[in-house]
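The next block holds one structure in the form of structure tokens; read it before the comments.
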Amino acid sequence: MELEASARTDPGPVRENNEDNMMLDLERGIFIVADGMGGHAYGEVAAQIAVDVTHRVLLDEHEDPDETRLMRDVDVEDVSDRLRERLRYAMNQASIAIRRRAAQIPGADDMGTTLVVLLIDEEQAHLAHVGDSRAYLVRNSRLQRLTRDHTIVQQEIDAGRLTPELARLVPHKSILTQSVGFHGPVEPDTSTRIVQPGDLFILCSDGLTDALKDDEILQVALAHPPDMLADALVETALSAGGDDNITVVVTHVVA
Ligand code: CA
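In case it helps, our numbering puts the sequence shown at residues 1 to 255.
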């Protein structure tokens, strides 16, 4: 598939540092967003490690003698099964790397990060995520949320105890049920779908989705060309009062 991608990250008007991180590797079809957390500047460190390690594992450049340890029953004949397992493995390697770094820094025990990874391989898009950074797909002028937040609030929505509207207002909305690093071994949600020309994949941190509802994201997507969309989404989120770090990676399937 021929791909184009653009990205934007902004610390927002309040925070001094940017604990979000991202990666665009057009050649290999790898796109990543991470939103770090932890005291001092450790969130930045965690997000950076997560992006780097995940990318290196997906490029087969990450050496780890324990590689087989995390392998499960995977149908090796099934490429998509193998790639989803690779994503899961990469995220666990990232988690191990963050734990190792945290162990070296006094007071960095709570260092962790969200992670959402899109891997486009030929006509298939593979997704994996941990935490509340999201992936969306815009296709045929509709927006589909491809990820389910790993948050307490999402669990309450699923259980029918909270509506999505109320969930936007509760103070604990960003408490994660799993994160890369802090929670140790992770169990990312993974999925595979066939891509179509014209598809727009949007990866983002919660700085975007706290400021903009899904239908607002769609309106911005429909009003801008793909190469302007990352900028437009961040600008719109800032105008809407977004005060967190905001990161958006847009991948456009050209043909
Ligand atoms: Ca955030």
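Built from N, CA and C at the ideal position, the CB exists for glycine as well.
Spatial distance of residue i from residue j (CA atoms)
{"i": "A97", "j": "A50", "result": "8 Å"}
{"i": "I202", "j": "D25", "result": "15 Å"}
{"i": "A108", "j": "S95", "result": "14 Å"}
{"i": "R69", "j": "Y89", "result": "Confidence at R69 is low in this model, with a pLDDT of 49, below 50, so its placement is unreliable and the value that follows should be read with caution. Going from the Cα of R69 to the Cα of Y89 covers about 10 Å."}
{"i": "E2", "j": "V253", "result": "6 Å"}
{"i": "H40", "j": "H224", "result": "37 Å"}
{"i": "N17", "j": "I120", "result": "31 Å"}
{"i": "D81", "j": "L212", "result": "34 Å"}
{"i": "G181", "j": "E123", "result": "32 Å"}
{"i": "V250", "j": "Q219", "result": "15 Å"}
{"i": "H55", "j": "R15", "result": "27 Å"}
{"i": "A230", "j": "R28", "result": "20 Å"}
{"i": "Q144", "j": "R99", "result": "34 Å"}
{"i": "I105", "j": "A167", "result": "35 Å"}
{"i": "T247", "j": "E19", "result": "10 Å"}
{"i": "M23", "j": "G43", "result": "16 Å"}
{"i": "A103", "j": "P197", "result": "45 Å"}
{"i": "S6", "j": "V153", "result": "30 Å"}
{"i": "N245", "j": "E77", "result": "41 Å"}
{"i": "M91", "j": "V53", "result": "8 Å"}
Closest by C-alpha distance to residue i, when choosing among the options
{"i": "V186", "options": "Q93, D215 and T209", "result": "Q93"}
{"i": "H172", "options": "L200, P188, H150 and L58", "result": "H150"}
{"i": "I194", "options": "K213, V116, A223 and A255", "result": "A255"}
{"i": "R134", "options": "D206, M22, I120 and T177", "result": "D206"}
{"i": "E235", "options": "L208, L222 and I157", "result": "L208"}
{"i": "H129", "options": "T147, Q104 and R28", "result": "T147"}
{"i": "S174", "options": "G160, S191, Q155 and P188", "result": "Q155"}
{"i": "G112", "options": "A46, I152 and A34", "result": "A46"}
{"i": "P13", "options": "E122, D78, G241 and L169", "result": "G241"}
{"i": "L58", "options": "A102, D110, V117 and A237", "result": "V117"}
{"i": "F31", "options": "A125, G38 and D110", "result": "A125"}
{"i": "D243", "options": "S6, E4, D10 and A5", "result": "D10"}
{"i": "E4", "options": "A237, M228, I246 and T247", "result": "M228"}
{"i": "R139", "options": "V249, A221 and R8", "result": "A221"}
{"i": "V323", "options": "T192, Q178 and A103", "result": "Within the shown structure, residues of the chain are numbered from 1 to 255, placing residue 323 beyond reach of any answer."}
{"i": "E216", "options": "H183, Y136 and L162", "result": "Y136"}
{"i": "N21", "options": "S179, T114 and Q178", "result": "T114"}
{"i": "D264", "options": "E85, S141 and E77", "result": "The shown model of the chain, from 1 to 255, leaves out residue 264, and the question about it has no answer."}
{"i": "D132", "options": "R86, D210, T163 and P197", "result": "D210"}
{"i": "G38", "options": "D110, D52 and R101", "result": "D110"}
Reduced DSSP secondary structure (H/G/I, E/B, other) of residue i
{"i": "A34", "result": "strand"}
{"i": "E187", "result": "coil"}
{"i": "G181", "result": "strand"}
{"i": "E4", "result": "strand"}
{"i": "Q219", "result": "helix"}
{"i": "D149", "result": "coil"}
{"i": "Q144", "result": "strand"}
{"i": "L212", "result": "coil"}
{"i": "E167", "result": "Checking the sequence, you will find Ala at residue 167 rather than Glu. Looking at A167 - three-state DSSP - the assignment turns out to be helix."}
{"i": "V130", "result": "strand"}
{"i": "V253", "result": "strand"}
{"i": "V45", "result": "helix"}
{"i": "V138", "result": "strand"}
{"i": "L233", "result": "helix"}
{"i": "P11", "result": "coil"}
{"i": "D199", "result": "coil"}
{"i": "L24", "result": "strand"}
{"i": "I194", "result": "strand"}
{"i": "L162", "result": "coil"}
Test: residue i CB closer than 9 Å to a CB of chain D
{"i": "A240", "result": "Of the protein chains in the structure, only one exists, and it is not chain D."}
Residue i: CB within 8 Å of a non-hydrogen atom of ligand 3
{"i": "Q178", "result": "Looking for ligand 3 in the displayed structure turns up nothing; the ligands present are ligand 1."}
Whole alpha helix (DSSP H) elements within the region 50-123, 4-residue minimum: Correct list: 79-104.
Closer than 6 Å to ligand 1: residues, by C-beta to nearest heavy atom, in chain order: Going by the Cβ distance cut-off, the answer is D35, S205, D206, G207, D244 and N245.
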